[in-house]
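Have a look at the structure below before the remarks.
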Amino acid sequence: MIGPGFPTDSPFAEWCWNLPLSIAIRGSAWAFPALEILHIAGLLLVFGTVLIVDLRLLGRILSSEPGRQVSGDLMHWAWPGFALQVLTGPLLFIADARKFYGSGFFRTKIVLLVLAIAFHFVVVRRASASVEAGFSPWRARLAAGFSLALWVAAIVSGLSIELF
Amino acid sequence: MPWTWGGFSVMFISGGLLAWCEAGRLYSNVFFRMKMLFLLLAGLNVLIFQLTIYRSVAAWDRAPVTPLQARIAGGLSLALWLGLIAAGRAIGYSLDYGV
Numbered sequence: 023m024i025g026p027g028f029p030t031d032s033p034f035a036e037w038c039w040n041l042p043l044s045i046a047i048r049g050s051a052w053a054f055p056a057l058e059i060l061h062i063a064g065l066l067l068v069f070g071t072v073l074i075v076d077l078r079l080l081g082r083i084l085s086s087e088p089g090r091q092v093s094g095d096l097m098h099w100a101w102p103g104f105a106l107q108v109l110t111g112p113l114l115f116i117a118d119a120r121k122f123y124g125s126g127f128f129r130t131k132i133v134l135l136v137l138a139i140a141f142h143f144v145v146v147r148r149a150s151a152s153v154e155a156g157f158s159p160w161r162a163r164l165a166a167g168f169s170l171a172l173w174v175a176a177i178v179s180g181l182s183i184e185l186f
Numbered sequence: 002m003p004w005t006w007g008g009f010s011v012m013f014i015s016g017g018l019l020a021w022c023e024a025g026r027l028y029s030n031v032f033f034r035m036k037m038l039f040l041l042l043a044g045l046n047v048l049i050f051q052l053t054i055y056r057s058v059a060a061w062d063r064a065p066v067t068p069l070q071a072r073i074a075g076g077l078s079l080a081l082w083l084g085l086i087a088a089g090r091a092i093g094y095s096l097d098y099g100v
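Protein chains in written order, with our numbering: chain A, 23 to 186; chain B, 2 to 100.
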């Protein structure tokens, strides 16, 4: 394990680990991989749409469209993806709670994810609403760059849980 | 499309190196073969789209309902990429379990 070593024998992690549902997921060869594939399919929808909204704010694509239009159209597709991730994520967590609870990368991922989502709703959406066609002010670009950095960092931390 | 090509180059180089390291185990892996098949079909789908209905894009670019051929290409593309990612993720698990 690379990264800070958190205790893995917490009562919370043990409680999750011993839930009938997590025992059932561990007992099936296909449940965990299938849940993870759904989790990644959800990520595709969320990050794919966020990427397009952020690239529009950066003024790199679709600059003839108002930011509001791009953001509004795409959020309809981000929500089902997010729902898929929120449903599958906790199931993945409880199934391997001892590992996830003790993983520094998992904790980093959750913090970055909360920051990225909060930043999206507090800053990126407002910035998108104010960006008119053919225009992308420097504040919108800064917000988009920061948003992309948060999302990429969250995804890299998430991948690192499995890799290290 | 410039963004797609940029991303594709990065994936092609890093994916090529990863596959090279594990070539022996990957070549016979059913999910790796499925992934490569989906990749090939996704590429063919884009090629056919570009060579056929996209040539008349100016005529339907602003239409509220796009031509059936374009919608088929879009749906196929989504399905193939989803299959590609599912197969790709399954490679890791099948190697772990020695399937």
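Just so it is clear, CB atoms sit at the ideal spot from N, CA and C, and this is done for glycine as well. Since the model is a prediction, treat every value here as computed from it, not as a measurement.
Per DSSP, the unbroken alpha helix (DSSP H) holding residue 37 of chain B starts and ends at 31 to 52. Taking a beta-carbon distance threshold of 8 Å, residue 96 of chain B does not count as an interface residue toward chain A. When the beta-carbon positions are compared, residue 122 of chain A and residue 183 of chain A come within less than 8 Å of each other.
By a beta-carbon distance limit of 8 Å, residue 161 of chain A does not contact residue 81 of chain A. Their separation comes to about 12 Å. By the C-beta density criterion, residue 135 of chain A is buried, having at least 16 other C-beta atoms within 10 angstroms.
In summary, the residues of the region 71 to 89 of chain B whose CB is separated from some CB of chain A by less than 7 Å are 83, 86 and 87, in the order they occur in the chain. The C-beta of residue 105 of chain A comes no closer than 8 Å to any C-beta of chain B. Residue range 89 to 117 is occupied by the alpha helix (DSSP H) that includes residue 93 of chain A.
Any Cβ of chain A closer than 8 Å to the Cβ of residue 59 of chain B would place that residue at the interface, and such an atom is absent. Ranking A:69, A:65 and A:46 by CA distance to the CA of residue 170 of chain A puts A:69 first.
Chain B has no Cβ within less than 8 Å of the Cβ of residue 57 of chain A. Below 8 Å, too few C-beta pairs join the region 44 to 53 of chain A and the region 83 to 96 of chain A to call them touching: fewer than three. In the three-state reduction of the DSSP assignment, residue 9 of chain B falls in the helix class, which pools H, G and I. Under the three-state reduction of DSSP, residue 52 of chain A is assigned to coil, being neither helix nor strand. Contact check between the region 14 to 32 of chain B and the region 68 to 81 of chain B: fewer than three CB pairs, one atom from each, fall below 8 Å, which does not count as touching. If you look at residue 33 of chain A, you'll find it in the alpha helix (DSSP H) that goes 33 to 39. Just so you know, the alpha carbons of residue 11 of chain B and residue 140 of chain A end up roughly 30 Å apart.
For residue 143 of chain A, the secondary structure class from DSSP, reduced to helix, strand or coil, is helix. Here residue 51 of chain B is exposed: its Cβ has fewer than 16 other Cβ atoms, across all protein chains shown, within 10 Å. DSSP places residue 55 of chain B in no alpha helix (DSSP H); its state is neither H nor E. With respect to the 8 Å criterion, residue 86 of chain B and residue 41 of chain A are not classified as neighbours on the basis of their beta carbons. For residue 180 of chain A, the uninterrupted alpha helix (DSSP H) run begins and ends at 160 to 185, by DSSP. Distance between residue 31 of chain B and residue 92 of chain B, taken at the CA atoms: about 8 Å. Apart from the 5 residues on each side of it in sequence, residue 42 of chain B sits with its Cβ closer than 6 Å to the Cβ of 81 in its chain, given in chain order. At least 8 Å separates the CB of residue 43 of chain B from every CB of chain A. Using beta-carbon distances, residue 91 of chain B counts as an interface residue toward chain A, with a partner under 8 Å. In the assembly as shown, residue 62 of chain B is an exposed residue. Its beta-carbon has fewer than 16 other beta-carbons within 10 Å. Within the model, the alpha-carbon separation for residue 39 of chain B versus residue 166 of chain A is close to 32 Å.
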